[in-house]
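Residues -23 to -1, 1 to 182 (mature numbering (1 follows the signal peptide of the UniProt record, and there is no 0)) are what the sequence shown spells out, left to right. Yeah, the Cβ is synthetic: ideal placement off N, Cα and C, and Gly gets one too.
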Amino acid sequence: MDSGMSVVSIWSLLACSLQLLAAGLLTQRCGGRVLVQDRWVVLWLFYDVIVHLTMEGPFVYMSLGGGAVETSEGPLAELWKEYGKADRRWLVSDPTIVSIEILTVVLDSMLGLLLIHAVLKDQYYRHFLQVALCVCELYGGWMTFCPDWLMGSPHLDTSRPLYLWVYLVFFNGIWVLVPVLLLVQSWFSLRSLHIPKRGETRKRK
């Protein structure tokens, strides 16, 4: 079976690796004083914001600039054309996809930056922002794929391992797995704040 690997796909994966490296360097520079667990959170948040701004931001620009990815030129256009082999909607400025990406680039990036500050400075609103961001990410993923699934996935190409397991499953799956893990973390953190108060109330009674 043809794996689908090409020069463009290799460069695309390398670009993703460089984004992760940039997130790691920013985390090392800014997150040295926070707990180890929170350093992993900050690493994810930096990576999340970098991806939203440097990849999805240009996608929105290309989609709203009077054309579409498939008619655009440049390195980022080629990257999205490569991903578009797995999901054609990204090539043709699908209204649902573009609408979701506008919110992702603007709202999720803003929440991500605010949450980085909240984690690093141990702000009281940290878990409020964390829950809000995770819900946005999960809802965005659901609305990206559910409409196409309901139609029988006519725009998805799963015939090659690269398209199915790397582009569709891995790169979308991490935006499901990590937000779910962060929601669990927020659940236990908020629960730990409530338990002492509940104990004090019982003692007063």
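Pick from the options that is closest to residue i, judged by C-alpha positions
i           : options            : result
residue 32  : 64, -12 and 70     : -12
residue 147 : 26, -3 and 118     : 118
residue 102 : 167, 30 and 50     : 167
residue 135 : 1, 54 and 61       : 61
residue 86  : 30, 51, 144 and 44 : 30
Reduced DSSP secondary structure (H/G/I, E/B, other) of residue i
i           : result
residue 134 : coil
residue 64  : strand
residue 100 : coil
residue 3   : helix
residue 8   : coil
residue 45  : coil
residue 71  : coil
Beta carbon of residue i nearer than 7 angstroms to that of residue j
i           : j           : result
residue 46  : residue 68  : yes
residue 82  : residue 28  : no
residue 113 : residue 159 : no
residue 18  : residue 4   : no
residue 106 : residue 156 : no
residue 40  : residue 108 : no
residue 53  : residue 35  : yes
residue 74  : residue 120 : no
Cut-off 8 angstroms between Cβ atoms - residues of its own chain near residue i, not counting five sequence neighbours on either side
i          : result
residue 56 : -16, -13, -12, -9 and 32
residue -4 : 24
Close beta carbons around residue i, own chain, < 7 angstroms, minus the five adjacent residues each side
i          : result
residue 25 : 89
Cβ-based neighbour list, residue i, same chain, cut-off 6 angstroms, excluding 5 preceding and 5 following
i          : result
residue 59 : -16, -15 and -12
Residue-level contact to chain B via CB, residue i, 7 angstroms cutoff
i          : result
residue -4 : Considering every chain present, this structure includes no chain B. It has just one protein chain.
Next on the checklist: Between the region 87 to 102 and the region 137 to 151, can you find at least three pairs of beta-carbon atoms closer than 8 angstroms?
Outcome noted: No: fewer than three Cβ pairs fall under 8 angstroms.
Item to check | Cβ contact check for the region 59 to 74 and the region 109 to 128: 3 or more pairs under 8 angstroms | outcome: Contact between the region 59 to 74 and the region 109 to 128 is present, with at least three C-beta pairs closer than 8 angstroms.
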